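In this note's numbering, the protein residues as written are 66 to 171.
All C-beta atoms in this analysis are idealised placements derived from N, C-alpha and C, irrespective of residue type, glycine included.
Fair warning: this is a prediction, and the values are worked out from it, not measured in the lab.
Worksheet: one structure, shown below.
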C-alpha cells in the first residue's frame, strides 16, 4: 500500500534524537545528503528512461491509429463504388437417410 504523500517538496529524513554538533555528526549529515542526492539522481534517470519508453509507445500507437483510420476510409470508399454480394447461407436439409446409427455397448 502506498503512502499518501502530498505533491510538494521531498521531505528530508529526520532523526528522532538531536545530535551534538561535532565534526562526526556534520560528516554523517554530509554523507546522508550525498546518499540521498545519488538516489534522487538515479530516480531521475529511471524516470527519464520510462518517459522515453512511454513517448515511443505513444508514437507507435498514433502511427498505427492513423494507418487503421486510412484503411477504414479506403474500405468505405470501396463499399460505395462496388456493391458487395450478400453471403448466401445454406441451411442443411434434414435428410434422415444420410446418417448411420451406431450402437456401442460398455
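>> According to DSSP, is residue 170 part of a helix, a strand, or is it coil?
In response: coil
> Does DSSP put residue 141 in a helix, in a strand, or in coil?
Replying inline: helix
> Just how far apart, CA to CA, sit residue 126 and residue 117?
Replying inline: 14 Å
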